[in-house]
Structures are given as structure tokens and as C-alpha cells.
Amino acid sequence: MKNKIIINNKISDFNKVINVPGDKSLSIRWVLFASIATGKSKAYNLLMSEDVMAALQGVKKLGAKVIIKSKFCEIIGVGNKGYKYRDNLVINAKNSGTFARLILGLLIDAKKKIKLIGDKSLSKRDFKRVADPLTKFGAKIDLPRNKGLPLYITGSKKLKSINYFENRGSAQCKSSVILAGLKSNSETTIKAKKSRNHTELLCEYLRLPIKLKIKKEYDLIKVKKPAKIKPLNYKIPSDISSSAFFIVLTILNKNSSLLIKNVNINPSRTGIISILKMMGANIAYKNKKKYKGELISDIFVRSSKKLNSINCPTKFNSGAIDEFLVIFLVAAKAKGVSTFRDLSEMNKKESPRLIWGSKILNKMGVKNIVTDNMIKIFGNPNLLLTKKIVIKNFLKDHRVFMTSVVAGLVFGGNWHIHDKDSIVTSFPSFLKKIDELKK
Numbered sequence: 000m001k002n003k004i005i006i007n008n009k010i011s012d013f014n015k016v017i018n019v020p021g022d023k024s025l026s027i028r029w030v031l032f033a034s035i036a037t038g039k040s041k042a043y044n045l046l047m048s049e050d051v052m053a054a055l056q057g058v059k060k061l062g063a064k065v066i067i068k069s070k071f072c073e074i075i076g077v078g079n080k081g082y083k084y085r086d087n088l089v090i091n092a093k094n095s096g097t098f099a100r101l102i103l104g105l106l107i108d109a110k111k112k113i114k115l116i117g118d119k120s121l122s123k124r125d126f127k128r129v130a131d132p133l134t135k136f137g138a139k140i141d142l143p144r145n146k147g148l149p150l151y152i153t154g155s156k157k158l159k160s161i162n163y164f165e166n167r168g169s170a171q172c173k174s175s176v177i178l179a180g181l182k183s184n185s186e187t188t189i190k191a192k193k194s195r196n197h198t199e200l201l202c203e204y205l206r207l208p209i210k211l212k213i214k215k216e217y218d219l220i221k222v223k224k225p226a227k228i229k230p231l232n233y234k235i236p237s238d239i240s241s242s243a244f245f246i247v248l249t250i251l252n253k254n255s256s257l258l259i260k261n262v263n264i265n266p267s268r269t270g271i272i273s274i275l276k277m278m279g280a281n282i283a284y285k286n287k288k289k290y291k292g293e294l295i296s297d298i299f300v301r302s303s304k305k306l307n308s309i310n311c312p313t314k315f316n317s318g319a320i321d322e323f324l325v326i327f328l329v330a331a332k333a334k335g336v337s338t339f340r341d342l343s344e345m346n347k348k349e350s351p352r353l354i355w356g357s358k359i360l361n362k363m364g365v366k367n368i369v370t371d372n373m374i375k376i377f378g379n380p381n382l383l384l385t386k387k388i389v390i391k392n393f394l395k396d397h398r399v400f401m402t403s404v405v406a407g408l409v410f411g412g413n414w415h416i417h418d419k420d421s422i423v424t425s426f427p428s429f430l431k432k433i434d435e436l437k438k
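Under numbering that gives the first Met the number 0, the first residue of the sequence shown carries the number 0, and numbering increases by one thereafter.
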């Protein structure tokens with residue numbers, strides 16, 4: 000079958016330097032900010048994945064001019080007075096929850112009704128959580144299906160400011176409301192549980208009217224409409240979520256080391272590093288620097304001979320929510336019992352990921368106990384597989400696929416992993432990067 004991969008050999012030891020593609024979160028946010036800027040914005044190392052292409056195609060339909068070159072991408076924005084588009088417009092977000100939820104914030108002043116659709120996986124995700132605050136601004140959002148897609152949005156000429164409490168730790172919901180706040184004439188106030196803060200940092204870098212108060216449990220954000228948004232030229236740093244698979248692969252492989260260049264280590268994204276270090280992983284930052292509000296560093300990783308179990312502090316959850324699947328593989332190899340709590344948000348991703356984490360471990364013969372928001376993993380430092388393992392029917396969740404590949408390469412066995420094309424959403428060159436380590 001062409002759309003599956005078979006792994007029946009463990010990876011050999013390696014000592015390599017690699018670059019991973021641009022950060023997906025920053026790539027999509029660059030597209031959105033560039034689309035409402037006045038003038039021409041340019042991005043280098045933009046992630047050319049299906050999710051980012053959906054964002055580019057979406058803003059192009061909304062009137063922005065998009066020019067894709069071999070080494071960079073340009074967008075000529077429409078300004079912040081509203082997109083210009085034809086009647087009966089349909090925007091297809093495909094698999095991208097980030098684009099789908101954030102673009103809704105920029106459409107609260109849409110003059111004509113717009114239909115938003117997505118693929119099978121995205122259509123099952125909860126859009127009521129973002130529709131509720133956006134309707135308070137004055138936009139009209141119709142959710143014909145149970146919370147999911149398709150939905151219809153029509154903006155308002157008389158936008159109100161709102162007070163919004165984001166208590167889930169959802170950066171997508173928070174960012175959608177921040178972007179909506181850039182459309183409203185009066186000040187919008189957001190009290191938000193800790194989550195990734197790329198949108199706030201970009202607003203600060205662009206000197207938009209945003210005020211931040213960082214508190215222990217929550218952030219307080221005030222935002223209002225700017226006179227205009229200046230263009231954003233950006234060299235997108237590498238994605239720590241994509242790097243995570245190679246970090247774990249190196250930790251679990253014998254006699255190996257890896258240097259990953261120029262990675263975004265925004266503190267709201269580095270939960271995986273904190274967790275793995277607590278478990279005994281050999282990870283170090285090299286050449287740290289700040290770039291347009293974001294922390295950037297090379298990440299050096301070495302094989303870890305002894306891994307400890309962890310009672311994972313929940314304060315790391317929001318900063319590692321996309322990486323827990325691959326973290327569970329480290330727990331499978333660690334000595335002792337690891338516990339991860341308050342992870343119900345994992346089941347609201349592209350697939351029910353907490354459930355899939357347990358499924359993968361069960362297939363590997365690793366004892367675990369899972370509930371709707373917690374998993375307990377009984378590690379085995381001598382774990383070595385010889386049996387056949389089939390991974391399929393996972394709603395084409397790219398992280399399930401890539402986690403399974405890492406497991407097959409370090410634990411052995413005969414792995415048949417379906418839906419190879421799932422990686423096009425976030426990391427199209429993933430398997431080529433794996434091959435780089437084998438050379």
C-alpha cells in the first residue's frame with residue numbers, strides 16, 4: 000500500500016546537525032497579520048505545509064495578494080478596514096484549527112456572509128468555544144452542526160468591545176479574540192489562562208495598541224483597534240513541535256547526538272524540554288538569542304542512559320500539549336510509573352490524542368491506565384519489541400503518525416503505519432529528515 004510506511008529495523012546510532020521547517024504557529028500568524036497590514040510583508044523559512052497553504056489560499060480569497068517564491072513568500076495586505084471578496088465566499092481551512100479559529104477573529108467586520116469549511120477531522124472540533132465570544136462583538140455566527148464545521152459568519156458595522164475570560168488554556172481562542180479586538184473601536188479586555196503567546200508578542204513587536212499584565216495563573220490583555228498595521232518581514236524560526244520527534248528519537252536511541260538549529264524556544268512552548276529534563280534527558284540550549292520578541296536557540300540532545308519516571312507538574316501542560324504523545328514514549332522507557340494529569344484538552348485535537356497515546360502504548364505491550372483526562376504509564380527500561388504493530392484509522396492525525404514512526408525506530412518490532420500523507424498538514428519533509436539521520 001503506497002500510503003503507509005513499514006518499519007522493521009531500528010535506527011542506527013547517529014551524530015548529526017539538522018534544520019527542521021519553520022514554526023507552524025508563527026507561519027500562520029504571519030500570514031494573518033500580513034493580510035491586514037498596509038503594504039508588503041515578506042517571510043523566509045515559511046512552513047509550506049497544507050495548513051499554511053490553507054491560510055495563504057484563504058487570505059488570497061479575501062483580497063490579499065500572495066506571491067510565493069522559491070526562497071520567500073510575499074503578501075500585500077488589504078489594511079485593517081476589512082477584507083474585499085466576492086459573494087458566496089467559501090474558505091476551506093482543511094485541517095488547520097489555528098487558521099480556522101484565528102481567521103474568524105478577523106472576520107467580525109465581514110460585510111457579506113462567509114462559509115468556513117474544513118476536512119473531516121477539523122469539522123468535528125469545537126468551534127462554539129470561539130463563536131461564543133466573537134458573537135458578543137456583534138458578529139453573527141451560525142453553527143448548523145453540533146459545534147463543528149461548516150459554519151457561517153457575517154460581520155457587524157457596529158462592533159462592541161468585550162470582556163472575555165479564557166479558562167481552558169487555548170491559545171487559539173485567546174488569539175482569535177485578540178485579533179477581533181484589533182477590529183473593535185473600544186478596548187477589549189481578556190483574562191486568559193496561560194497558553195502560547197505568539198500573537199501577543201507579534202502585536203508588541205508591531206507596536207499595536209496592546210497592554211499585557213503577566214500574572215502567575217492568568218494573563219491580563221487589553222487591546223484596541225490600531226490606525227493601521229505596518230508590514231511584517233520575518234525569518235520564521237524552526238518549530239519546536241516538529242523538533243520534538245527528533246529530540247525524543249535521540250534521547251531513546253543509543254550512542255547518538257543531535258544539534259537542531261535555530262529553534263523557537265518561546266517559554267510558552269517549551270514544556271516538553273522541562274518535562275524531559277526532569278526525566279533525566281540530556282538537553283542543552285546553545286546560541287540563545289531574541290528575534291522579534293521570540294527566543295531562538297540551537298538545541299543539543301544526547302542519548303540518555305537512565306530515564307526517570309515523572310509525576311508531571313500540570314503547570315507544563317499548556318506548553319507541551321502538542322508533544323505529550325511523544326513524551327509518553329519516554330515514559331514507556333523510564334524506570335517507574337509516570338503520571339500525567341489534566342489532559343482532557345488532548346482529546347479535542349485532530350484526533351482524541353490521549354486515547355491514542357494509550358492505544359499506541361497498549362499495542363507496544365506497555366501497561367497504562369487512562370481516563371478522560373489522565374494517564375498513568377508503567378515504564379520498562381528494557382523495552383524491546385519484536386511483534387507486528389498496525390497503526391491506522393487515527394483521523395489522519397499527523398502527530399499520531401510521527402509518534403508511531405519514532406516508536407518503531409527506537410523500540411523495534413514490525414510497524415505498519417497507515418496514512419503517511421497525514422504529515423502534509425505540519426511537516427511534509429518529516430520522513431526525509433529521518434532519512435538524513437540514517438546517512
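Positions of the beta carbon are idealized from the N, C-alpha and C atoms, including for glycine.
{"Query": "Should D118 and S425 be called a contact, given that it needs their Cβ atoms to be closer than 8 Å?", "Result": "no"}
{"Query": "Could you pull out every residue in the same chain whose Cβ sits closer than 8 Å to the Cβ of N281, ignoring the five residues on either side in sequence?", "Result": "I250, V300, R301, S302, S303"}
{"Query": "Give a yes or no on whether the C-beta atoms belonging to D131 and K347 are separated by under 8 Å.", "Result": "no"}
{"Query": "Alpha carbon to alpha carbon, what distance is there between N286 and K260?", "Result": "9 Å"}
{"Query": "CA-CA distance, S48 and I264?", "Result": "21 Å"}
{"Query": "Please tell me whether S122 and S160 are closer than 8 Å, where the distance is taken between their beta carbons.", "Result": "no"}
{"Query": "Should I235 and G21 be called a contact, given that it needs their Cβ atoms to be closer than 8 Å?", "Result": "yes"}
{"Query": "With DSSP as the reference, please indicate the residues paired to W484 in a beta bridge.", "Result": "For the chain, the structure presents residues 0 to 438; residue 484 sits outside this window and is missing."}
{"Query": "Suppose contacts are defined by Cβ-Cβ distances below 8 Å. Is L342 in contact with N310 by that definition?", "Result": "no"}
{"Query": "Where are the beta strand (DSSP E) runs, 3 residues long or more, that stay fully inside the region 95-163, in chain order?", "Result": "113-116, 139-141, 150-153"}
{"Query": "Which value, in whole angstroms, describes the spacing of the CA atoms of N162 and K223?", "Result": "12 Å"}
{"Query": "Does the beta-carbon of F164 have 16 or more other beta-carbons within 10 angstroms, so that it is buried, or is it exposed?", "Result": "exposed"}
{"Query": "Measure the alpha-carbon distance for N392 versus K419 and round it to whole angstroms.", "Result": "12 Å"}
{"Query": "So, with DSSP's three-state summary, where would you put S69?", "Result": "coil"}
{"Query": "Kindly indicate the opening and closing residues of the beta strand (DSSP E) around F339.", "Result": "336-339"}
{"Query": "Report the residue ranges of all alpha helix (DSSP H) runs contained in full by the region 198-275; include only those spanning at least 4 residues, in chain order.", "Result": "239-251"}
{"Query": "Given that a residue counts as buried once 16 or more other Cβ atoms are within 10 Å of its Cβ, and exposed if not, what is S441?", "Result": "In the structure displayed, the chain extends from 0 to 438; residue 441 sits before or after that span and is not available."}
{"Query": "Could you tell me whether the Cβ atoms of L150 and I140 are closer together than 8 Å?", "Result": "yes"}
{"Query": "State whether the region 216-230 contacts the region 180-194, with contact taken as three or more CB pairs (one from each stretch) at a distance under 8 Å.", "Result": "yes"}
{"Query": "On the DSSP letters alone, give me the boundaries of the alpha helix (DSSP H) that K362 sits inside.", "Result": "352-363"}
{"Query": "For the candidate residues A283, G270, L294, whose alpha-carbon lies nearest to that of L200?", "Result": "L294"}
{"Query": "K442 and S120 look like a contact to me (Cβ under 8 Å); what is the Cβ gap, rounded to whole Å?", "Result": "Residue 442 falls outside the range modelled here, since the chain spans only 0 to 438, and no answer is possible."}
{"Query": "Whole angstroms are fine: how far does the CA of I388 sit from the CA of P380?", "Result": "20 Å"}
{"Query": "Please list the terminal residues of the continuous alpha helix (DSSP H) segment that includes D22.", "Result": "Where D22 is concerned, there is no enclosing alpha helix (DSSP H), given that its DSSP letter is neither H nor E."}
{"Query": "Look at the Cβ atom of M446, then the Cβ atom of F244, and state whether they are nearer than 8 Å.", "Result": "Since the displayed the chain opens at 0 and closes at 438, residue 446 lies outside it and no answer follows."}
{"Query": "Can you grab the Cα-Cα spacing for the pair V262 / V405, in whole Å?", "Result": "20 Å"}
{"Query": "What residue range does the alpha helix (DSSP H) around V325 cover?", "Result": "323-332"}
{"Query": "Does R268 come within less than 8 Å of chain C when only Cβ atoms are used?", "Result": "The structure shown contains no chain C; it is built from a single protein chain."}
{"Query": "Could you spell out where the beta strand (DSSP E) holding F299 opens and where it closes?", "Result": "293-301"}
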